[in-house]
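Novice: Numbering of the sequence shown is given in our numbering, commencing with residue 1 and proceeding in unit increments. Even glycine gets a Cβ: it sits at the ideal position worked out from N, Cα and C. Just so it is clear, the structure is predicted and the values come from calculations on it, not from any experiment. Sharing a structure with you now.
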Amino acid sequence: VLYDSRAHGKSPGELHNVGMQDWLEDAQYILDNVVTSPKAVIVGSSIGGWTGVLLALSRPERVSGLVLIAGALDRSEGRWESMSVEQRAQAFTTGLIPLDSPWFHPPPALGLPFFKQ
C-alpha cells in the first residue's frame, strides 16, 4: 500500500494545518483497515520515517520491520524553547512556526498542530 501523507505529494491539505498525530492516525487507519496481511514492513521517507517509527511503537504486533529513507525523525524537541519571545508571540498570532530552509523560498512553516502530540 502506497499513500501520501496529508499535505504531502498528491494528498490534500496545508502543512501548517496538520501535525504528527494526524499522520500517525492516518497510518494506523491504513494499517488497521487496508493492509490485509497480519504483519507489514513499513517503509517511510522523510517525515514518513518518523511516522513509521511511531506506527511501529503503537502497533508492534502488526509491524515486522522498518525501512527508513532519509528519515526526518523528531526534530521538534527544543525548537519551541529556542524561539525568542517575539517568535513565540508571532506563532500564537499566526499559528505558524517558520522553518529555516535553504531549499524553499519562502521557507515552509509548521503549524501549532505539529507540536500537539
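Taking the alpha-carbon of residue 41 as reference, which of 60, 24, 85 and 23 has the nearest alpha-carbon?
Specialist: Stepping through the sequence shown from its first residue, residue 41 is reached at position 41. The candidate whose alpha carbon is nearest that of residue 41 is 60.
Novice: Got a sec? Which residues, its chain only, sit under 6 Å from residue 23 by beta carbon, not counting five neighbours each side?
Specialist: The count along the sequence shown starts at 1 and reaches residue 23 at position 23. Closer than 6 Å at the Cβ level, and outside the excluded window around residue 23, lie 5 and 51.
Novice: Indicate the three-state DSSP secondary structure (helix, strand or coil) for residue 40 in the structure shown.
Specialist: As a working mapping, residue 40 is identified with position 40 in the sequence shown. Strand, per DSSP.
Novice: Measure the alpha-carbon distance for residue 147 versus residue 8 and round it to whole angstroms.
Specialist: An answer regarding residue 147 cannot be provided, because it is not within the stretch 1 to 117 covered by the chain.
Novice: Around the Cβ of residue 97, are there at least 16 other Cβ atoms within 10 angstroms (buried) or fewer (exposed)?
Specialist: Locating residue 97 in the sequence shown gives position 97, where the first residue counts as 1. So residue 97 counts as buried.
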